Amino acid sequence: MRLADLTWPDVAERAAAGAILAVPVGATEQHGPHLPLSTDTDIALALCDRLAGKRPGVLVAPPVVYGSSGEHAGFAGTLSIGQEATELLLVELGRSAAETFPRLLFVSAHGGNAAPVTRAVARLRAESRDVEVFHPRWHGDPHAGRPETALQLALRPGGVRMDRAAPGDRRPLREVLPLLRDGGVRAVTRTGVLGDPTTATAREGQALLDELTAQLVSHVDGWA
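Each residue of the sequence shown is one higher than the one before, starting from 1141 at the first, in my numbering.
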């Protein structure tokens, strides 16, 4: 169930029964020449929706579609608000949500948001709010490569341009991380891709989505 579809009395009733508010945290940034700018947001929202489908006590907030994406500067369409603003946005959002909901869950699907999300959660917990965070993780290509392309083929196949899919920098992330920190993604790949998306399939994406959903449900069950 999505929060935005409900009236305030509906929300009040569910919150009184102990509902968890799940907030998808994504980004608006380049994902190579073949994936939409909404990729991270799409993944976070899909995971929250699937969680709510398996746990009726979960409401899904409208997604946070902007984040810290400065490493993707130079690629058309990338919209970044930086780490400080991302942290403050989530802190204020958490404070507001806590007025209604006893528990708050951030599902953050953009790696560049990891630090500000972690700091925001720490601040909210220090203020005695019951907050958790889930970062979906997978093996393989870190950005716009095979895993993310497979996920989008499962979620929004009409938004994937496989005719434009092309390999990017295929070195392990640990090798290119210093270059990324110094010069951003532009310093290592002209396509914006870290990995090789050309062999991705919807079937692989569905299997990964199922795996990530199971991890999220387990995470929430352990917290609850």
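In this text, a Cβ means the ideal position worked out from N, Cα and C, and glycines have one as well.
These numbers come from a predicted model, not from an experiment.
Margin query: Is the separation between the beta-carbon of V1328 and that of V1316 shorter than 8 Å?
Written below: yes
- Message: Could you check whether Y1206 and L1185 sit closer than 8 Å to each other, using their CB atoms as the reference points?
- Response: no
_Please report the straight-line C-alpha distance between R1286 and N1253, rounded to a whole angstrom._
21 Å
Option nearest R1269 by Cα separation, candidates A1237, V1247, T1289: A1237
Exercise for review: Measure the alpha-carbon distance for V1231 versus G1345 and round it to whole angstroms.
Suggested key: 32 Å
Alpha-carbon spacing of D1145 relative to A1266, whole angstroms:
31 Å
Handout entry: Cβ shell of D1336 (< 8 Å), same chain only, five flanking positions each side left out
Key = D1281, G1285, R1286, P1307, G1308, R1310
* **Span of the alpha helix (DSSP H), counted from its first residue to its last, around V1300** => Unbroken run through V1300: none, as it is neither H nor E.
task: Starting from S1384, follow the alpha helix (DSSP H) in both directions and report where the run begins and ends.
output: Past the boundaries of the shown model lies residue 1384; the chain is included only from 1141 to 1364, so the question cannot be answered.
Verify whether the separation of the beta carbon atoms of L1356 and F1274 is less than 8 Å.
yes
Please go through the segment 1251–1322 and give each complete beta strand (DSSP E) segment of 3 or more residues, from N-terminal end onward. 1271–1274
Answer with buried or exposed for E1224, where buried requires no fewer than 16 other C-beta atoms within 10 angstroms of its C-beta. exposed
For a test of your reading of the model: does the CB of D1189 fall under 7 Å from any non-hydrogen atom of the ligand SAH? Yes or no.
Absence of the ligand SAH is noted for the structure shown, with no ligands found whatsoever.
Exercise. Could you check if D1350 is buried or exposed, using at least 16 other CB atoms within 10 Å of its CB as the buried criterion?
Key: exposed
### Task
Tell me P1164's beta-bridge partners as DSSP assigns them.
V1247
Between which two residues does the beta strand (DSSP E) harbouring V1200 extend? 1198–1200
- Residue from E1239, S1208, R1330, A1156 with nearest C-alpha to G1166: S1208
*asked:* If distances are taken between C-alpha atoms only, which option among P1276, A1159, E1153, T1179 comes closest to P1369?
replied: Because the chain here runs from 1141 to 1364, residue 1369 falls outside it and cannot be looked at.
What residues are listed by DSSP as bridge partners for V1204? V1165
Neighbourhood of V1261 by C-beta, 6 Å cutoff - its chain only, sequence neighbours within 5 removed = V1271, V1273
*Distance, T1353 Cα to L1199 Cα*: 16 Å
**OP:** To the nearest angstrom, report how far apart R1279 and T1226 are at their CA atoms.
**Re:** Here the sequence assigns His to residue 1279, which means Arg is not the residue at that position. Those two C-alpha atoms are separated by around 26 Å.
With respect to the alpha helix (DSSP H) encompassing P1149, which residues constitute its N-terminal and C-terminal limits? 1148–1156
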